[in-house]
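Residue numbers (my numbering): 1 to 117.
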């Protein structure tokens, strides 16, 4: 997936206001696929709620009954989808959410206003 597609070109109209363009659907599908796993959704929430808006990988692994390689895989999927960014500091990696990508995903879901018959 192209992060450029997620960050460029502005926001899409909410799904209930107009049909989603093919290009937008292609860009957004991997993002929603990444969110479709309970461990990844929980990791995203833990990072977003962590003090300072970032969390060290060492602070995330204890919250799960999963191996370190499995946690690393889930973090990689979130990073590749654009939902989080990472920064190495010494031997540790710190993760932050990507507010622009979260905002776009939120905007596409939008408020539900049923179409008039």
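By construction, the Cβ of each residue, glycine as well, lies at the ideal position given by its N, Cα and C atoms. Note that the structure is predicted; figures quoted are calculated from it, not measured.
Rounding to the nearest angstrom, what Cα-Cα distance links residue 63 and residue 22 in this structure? For this step, residue 63 is matched to residue 63 along the chain shown. For this step, residue 22 is matched to residue 22 along the chain shown. About 38 Å.
By the DSSP assignment, the beta strand (DSSP E) with residue 85 in it spans what residues? Within the chain shown, residue 85 is the residue found at index 85, counting from 1. Run containing residue 85: 84–89, per the beta strand (DSSP E) assignment.
Okay, do the segment 54–72 and the segment 98–108 touch, 3+ Cβ pairs below 8 Å being the bar? No, they do not touch.
From 88, 43, 108, 50, pick the residue whose C-alpha is nearest to that of residue 73; which is it? In the chain shown, counting from the first residue as 1, residue 73 sits at position 73. Selected option, being the one with the closest Cα: 43.
Where residue 40 falls, given that 16 or more other Cβ within 10 Å makes a residue buried: One-based indexing of the chain shown puts residue 40 at position 40. Residue 40 is buried by the Cβ-count criterion.
So residue 28 and residue 108 are supposed to be a Cβ contact under 8 Å. How far apart are they, rounded? Within the chain shown, numbered from 1, the residue matching residue 28 stands at position 28. Within the chain shown, numbered from 1, the residue matching residue 108 stands at position 108. Contact between residue 28 and residue 108 holds, with the beta-carbon distance rounding to 6 Å and staying under 8 Å.
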